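If you read the sequence shown in the numbering used here, its first letter stands for residue 650, the second for the next number, and so on.
Note that the Cβ used here is the ideal one computed from N, Cα and C, for glycine as well.
All figures in this text were calculated on a predicted structure; none of them were measured in a lab.
Each remark here refers to the structure printed beneath this line.
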Amino acid sequence: MVEQCFEVYQDFGFNDFEVKIALRPENRIGSDDVWDKSEEMLKNALTNQGVEYSLLPATAKPPVCRLMDYGKFLFEQGKKKALARKNQKQTQVKEVKLRPVTDVGDYQVKLRNLIKFLEKGDKVKVTLRFRGREMSHKELGMQMLQRMANDALEYGIVEHQPKMEGRQMIMVLGPKKK
């Protein structure tokens, strides 16, 4: 019967085809042994024709069988997964380092780099290093980080407010959602 179906399709010029059979609710008459034998016979007949018989997905109710080249199917699934991985955006944490005595020109360069990182979609860790007596003037560092956050407000949001970690004051900025 399967061979006759293949011959009819080929007579009409269909050389590369897929047979889809719609099944109604599963009503089996007879023992499971008979069904297992008939399924095995169908698989053997299809294998002789060079076509593979697959249940996709295997847990579907009612079961759906597809006649296809399973190697080609696996290859295409792998390509889809690789494409999905390729299109994912990996966010990185970039770092901008400052000192409390950073001058206006250097501050502008650091701010420009920070904005560039935020526009690319990366997070930015702003580190303000204190040396020696600068530790007694933490409020200057806090003012500088607040000024940087306000200047970059259009491009990103503050994810972690400025806090002291040893001799450094750290703040993390993230890109704005589009």
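Residue Tyr719 holds the alpha-carbon nearest to the alpha-carbon of Glu701 among Lys686, Glu688 and Tyr719.
A direct Cα-to-Cα measurement between Gly727 and Lys735 gives close to 12 Å.
In summary, Leu777 is buried, with 16 or more beta-carbon neighbours lying within 10 Å of its beta-carbon over all protein chains present.
Residue pairing by DSSP places His786 in no beta bridge whatsoever. Under the DSSP assignment, Val807 falls in the beta strand (DSSP E) whose first and last residues are Gly805 to Glu814.
For Val821, the three-state secondary structure derived from DSSP is strand. The continuous alpha helix (DSSP H) containing Lys759 extends over residues Val753 to Glu768.
By the neighbour-count definition (other C-beta atoms within 10 Å, threshold 16), Phe766 is a buried residue. Exposure of Phe724 is indicated by the presence of fewer than 16 other C-beta atoms within 10 angstroms of its C-beta.
Ala801 counts as buried, since no fewer than 16 other beta carbons sit within 10 angstroms of its beta carbon. Per DSSP, reduced to three states, the secondary structure at Thr740 is coil, with no helix or strand assignment. Of the residues assessed, Leu794 falls on the buried side of the cut-off, its CB having 16 or more other CB atoms within 10 angstroms.
In the DSSP assignment, Leu777 falls outside any alpha helix (DSSP H) and within the unbroken beta strand (DSSP E) covering Lys772 to Arg778.
Counted as a single uninterrupted DSSP element, the stretch harbouring Arg748 is not any alpha helix (DSSP H), since DSSP gives it neither H nor E.
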